[in-house]
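The structure under discussion appears below in the form of structure tokens.
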Amino acid sequence: MKTLLLLRHAKSSWADPGRADHDRELNRRGEKAAPFMGRYLRQHELVPDLIWCSTAARAVQTLGLLGRDFAIHADVIYNEDLYMANDRVLLENLHHTYEDASQVMIVGHNPGLEMFAHALYAGGNDAARDTMVRKYPTCALVHFEFDVEHWRDIALGTGRLIDFIKVKDLQAEKISGD
2 MKTLLLLRHA KSSWADPGRA DHDRELNRRG EKAAPFMGRY LRQHELVPDL IWCSTAARAV
62 QTLGLLGRDF AIHADVIYNE DLYMANDRVL LENLHHTYED ASQVMIVGHN PGLEMFAHAL
122 YAGGNDAARD TMVRKYPTCA LVHFEFDVEH WRDIALGTGR LIDFIKVKDL QAEKISGD
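Mind the numbering: the sequence shown is residues 2 to 179 in the working numbering, read in order.
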């Protein structure tokens, strides 16, 4: 059994229009959102063994704000190919994951990450899929499981969707006291 987490980077800043897209950092909203997602991941025992992360500033910063557990317990591979990657590139990177990792996270960008999530879907939580299809916002997380022994055996259309989590919903739960 393999677990895959697809995390879209948190909200980025457009304050400096002269800055290259790859170098854009998070805005205040993004800086607040990533720790919420980090807490969710820890509470649900979803701290990955390995993280593939885009080299874009906003992706690296999102990963850093998830919390110390991610730096301590996960190996991180920063890969420039993940910047604006399509589903083919994302799947290729996943296939190169070392076999000891049972939980893997990819921190990346739309539209590629969203297209990859749709392409992996083979069933599971249909309500979560419907929510994901409507909108895949910044700092949203898709949680898949695959009944395979090797990462290289994962193919499009073989993932069981466990959940789709939006920071906005996590923040609403905290406000309501749940």
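Here a beta-carbon is modelled for each residue, glycine too, at the ideal position from N, C-alpha and C.
This one's a predicted model, so the numbers in the text were calculated from it and none came from an experiment.
Checklist line | C-beta contact flag for Arg25 and Arg59 at 9 Å | finding: Stepping through the sequence shown from its first residue, residue 25 is reached at position 24. Stepping through the sequence shown from its first residue, residue 59 is reached at position 58. Judged by beta-carbon spacing, Arg59 lies within the 9 Å limit of Arg25, meaning their Cβ atoms are closer than that value.
Next item on the list: Helix, strand or coil for Asp164, going by three-state DSSP, please let me know.
Entry: The sequence position of residue 164 within the sequence shown is 163, counting from 1. Correct three-state label for Asp164: strand.
Note to self: Between Asn126, Glu150, Asn111 and Arg43, which has its C-alpha nearest Tyr136's C-alpha?
What the structure shows: Position 135 of the sequence shown, counted from the start, is the residue given in the question as residue 136. Just to set this straight, residue 136 is Lys in the shown sequence, not Tyr. If we check each option's Cα against that of Lys136, Asn111 comes out closest.
Check: Which first and last residues belong to the alpha helix (DSSP H) in which Ile73 is found?
Finding: Here the question's residue 73 lines up with position 72 in the sequence shown. For Ile73, the enclosing alpha helix (DSSP H) begins and ends at Arg69 to His74.
Check: What do you get for Ile52, buried or exposed, if any count of 16 or more other CB atoms within 10 angstroms of its CB means buried?
Finding: Taking the first residue of the sequence shown as position 1, residue 52 is located at position 51. Per the 10 Å Cβ criterion, buried.
Checklist line | alpha helix (DSSP H) runs contained entirely in the region 53-127, provided each spans 4 or more residues | finding: For the region 53-127, whole alpha helix (DSSP H) runs of length 4 or above, ordered along the chain, are 58-66, 69-74, 88-96 and 113-121.
Next item on the list: Give the straight-line distance between the Cα atoms of Asp148 and Asn126, rounded to the nearest whole angstrom.
Entry: One-based indexing of the sequence shown puts residue 148 at position 147. One-based indexing of the sequence shown puts residue 126 at position 125. Going by the C-alpha atoms only, they are around 16 Å apart.
Notebook entry, point to check: Around the Cβ of Met38, are there at least 16 other Cβ atoms within 10 angstroms (buried) or fewer (exposed)?
Noted result: Residue mapping note: residue 38 aligns to position 37 of the sequence shown, counting from 1. Taking all protein chains in view, the Cβ of Met38 is crowded by 16 or more other Cβ atoms within 10 Å, so the residue is classified as buried.
Item checked: CB-CB length for Ala57 against His23, believed under 8 Å -> Here residue 57 refers to the residue found at position 56 of the sequence shown. Here residue 23 refers to the residue found at position 22 of the sequence shown. Contact between Ala57 and His23 holds, since their C-beta atoms are separated by about 5 Å, short of 8 Å.
Check: Taking the C-alpha atoms as reference points, what is the distance between Leu92 and Ala16?
Finding: Walking along the sequence shown from the start, residue 92 turns up at place 91. Walking along the sequence shown from the start, residue 16 turns up at place 15. Taking the straight line joining both Cα atoms gives about 33 Å.
Check: Taking Cβ to Cβ, would you say Arg9 is nearer than 9 Å to Leu114?
Finding: Along the sequence shown, one-based indexing puts residue 9 at 8. Along the sequence shown, one-based indexing puts residue 114 at 113. Cβ atoms of Arg9 and Leu114: closer than 9 Å.
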